[in-house]
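> Numbered according to numbering that gives the first Met the number 0, the sequence shown spans residues 0 to 260.
Each residue gets a CB set at the ideal place from its N, CA and C atoms; glycine is no exception.
Values in this document were obtained by computation on a predicted structure and should not be read as measured data.
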Amino acid sequence: MAGRGPVAVVTAVLFLVLSGGMLMANELFDRGAQAFLHDRPREAAPLLEQAIGEDPVNARAYLYLALSYEQLAMYERAITTLQRAESIPGIDRSQVHFNIGNNYLHLGDAARAEDAYTEAIEMSPLSADPYLNRANVRVMQELYPTAVEDYTAVLGLEPEHAQRGEIERMIALLTDHLEQERIHQEEEARRIEDEERQRAIEDAQRLAEEERQRLEAEARRRALLDNVLDSLKTATDDTTNMSAGSEDIDDYEDEEFDIAD
């Protein structure tokens, strides 16, 4: 029994230390949570940081701390806190990614906000809030067709949603915009097609005119060549006739010479 005495003492001391640490962590968390819930984020943040230092797996402490940073407009620190919280056992990871999306939205990074909301939806596909926020972000990015899909999903999940009227108006506006855009695109396509057709006609007419002019020029050249060729033939005939006449004269002179002898 005596040999077990020191071990028992160490165990008891360790238990007291751990218990004291947990009591301190719980006290810090309670004080931080109260400050956060009473809209005192500047007071809450350091208390919650200390609580996490004493109890690194307190899921609510991470969420409250990140929300405190968000209220203080410390969005990057809020995102870092939430990213640290992802691996905490039992934490609502869908909520974590939803809050990350909100902070990216505050930073004006719509693309990353959309990605975060998408991850939240994948983890909790029956929650309407990520769909609603992703729809809003997609409107900001002018991704209207997928925004309409998300707004429609919100009403499908929560038919009595508190913002049903606004959502329905947004769906109507986007649907009308998409229809007007479709009509405009069809008209533009027809205009381009008409222009291309007219351009093709004009090109064909231009080519036909160029060919006509080429043929006329070729005909003029051919006529000129024929005229010159006819002139050359006439000159050749005259030369031949003159040569024949000279031979007759030579013969005549020879005959006279013979008589003289």
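Can you list, in chain order, the residues of its chain with a C-beta nearer than 6 angstroms to that of residue 184? Leave out the 5 residues immediately preceding and following it.
Within the same chain, residue 184 has no close Cβ partners at all.
> For a quick check, are the C-beta atoms of residue 173 and residue 143 less than 7 angstroms apart?
Cβ distance < 7 angstroms, so residue 173 and residue 143 count as in contact.
> Can you list, in chain order, the residues of its chain whose CB lies under 7 angstroms from that of residue 161, leaving out five sequence neighbours each side?
There are no such residues.
> If you run the structure through DSSP and keep just helix, strand and coil, what is residue 140?
Coil, per DSSP.
> Measure from the alpha carbon of residue 62 to the alpha carbon of each residue in 125, 186, 92, then state which is nearest.
Of the listed residues, the one whose Cα sits closest to residue 62 is 92.
> Got a sec? Which residues, its chain only, sit under 6 angstroms from residue 213 by beta carbon, not counting five neighbours each side?
So no residue of the chain qualifies.
> Grouping DSSP H, G and I as helix and E and B as strand, with all else coil, what is residue 158?
Residue state, collapsed to three classes: coil.
> Mind checking which residues open and close the alpha helix (DSSP H) that includes residue 85?
Run containing residue 85: none; DSSP gives neither H nor E here.
> So, under 8 angstroms CB-CB, residue 34 and residue 42 are touching, yes? Tell me the CB distance rounded to an integer number of Å.
Going by Cβ atoms, the distance from residue 34 to residue 42 rounds to 4 angstroms, so yes, they are a contact pair.
> Would you kindly work out how many angstroms separate the C-alpha atoms of residue 32 and residue 40, rounded to a whole number?
Taking the straight line from one Cα to the other gives about 9 angstroms.
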